[in-house]
Amino acid sequence: MTSERDSLYLVRDPQAGDFDIIVERQWRVYESEYGWNSDFRDILVDIIQKYQAEFDQSLDRCWIAEKEGQVVGSIFVVKHDQTTAKLRMLYVDSSARGLGIGKRLIEETINFARQSGYKRMVLWTMSVLTTARGLYQRAGFNLVEEEKVQSFGKDLVSQTWSLDL
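In numbering that gives the first Met the number 0, the protein residues as written are 0 to 164.
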């Protein structure tokens, strides 16, 4: 069932040029909101390059959220190991927050992971990303590890979350 909020955006497969848009927008948001340096952008590029090089349509997937013709969100699920999927690069543009896009993107990855036969899903994030962490927790993910790190030019707390599928 499609809700009125869902009709404000669409979720689709990636198209030519989307990955460049995702990297640039996600990096700019994290740079302006959290002061993260270009090391974060480099990680985004590495994740996408690995996704493209190792893509297996039965085990990996990307979704793009679009609103009024503009890319406003994305998420990836990739093979971590034989039984574990990894959620990567959840992004919702600040102009599209509050529409349920993040929740919908996470639901898409969980459904895909289950249909693909994965038994577990993991993700890596930073504790400062409180909105994303709330979405993960509401989706059933549990915090399994924390570590103080120096990343992206900041002192941060790295977190690993897990969901049994």
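Backbone N, C-alpha and C fix where the C-beta goes; we use that ideal spot for every residue, glycine too.
State the CB to CB distance for the pair Thr-159 and Tyr-117, rounded to an integer number of angstroms; the pair is presumed to be in contact (CB under 8 Å). At roughly 16 Å, the Cβ-Cβ gap does not stay under 8 Å, so Thr-159 and Tyr-117 are not in contact.
With distances taken Cα to Cα, identify the nearest neighbour of Gln-14 among Asp-163, Ser-37, Asp-41, Ala-64. When each option's Cα is compared against that of Gln-14, the closest is Ala-64.
Which of helix, strand or coil DSSP assigns to Lys-153: strand
Judging by CA-CA distance, which residue of Gly-152, Ser-161, Arg-132, Leu-9 is the nearest neighbour of Gly-68? Leu-9
Exposure label - Gln-25; buried when at least 16 CB within 10 Å: With 16 or more other Cβ atoms within 10 Å, it is buried.
Of the residues Ile-109, Lys-49, Asn-36, Asp-45, the one placed nearest Thr-162, counting alpha carbons only: Sequence check: residue 162 is Leu here, not Thr. Nearest option by C-alpha distance: Ile-109.
Hey, Ser-73 and Ile-21: beta-carbon distance below 8 Å or not? By the CB criterion at 8 Å, Ser-73 and Ile-21 fall inside the cutoff.
On the three-pair Cβ rule with 8 Å, is the segment 34 to 51 touching the segment 148 to 156? yes
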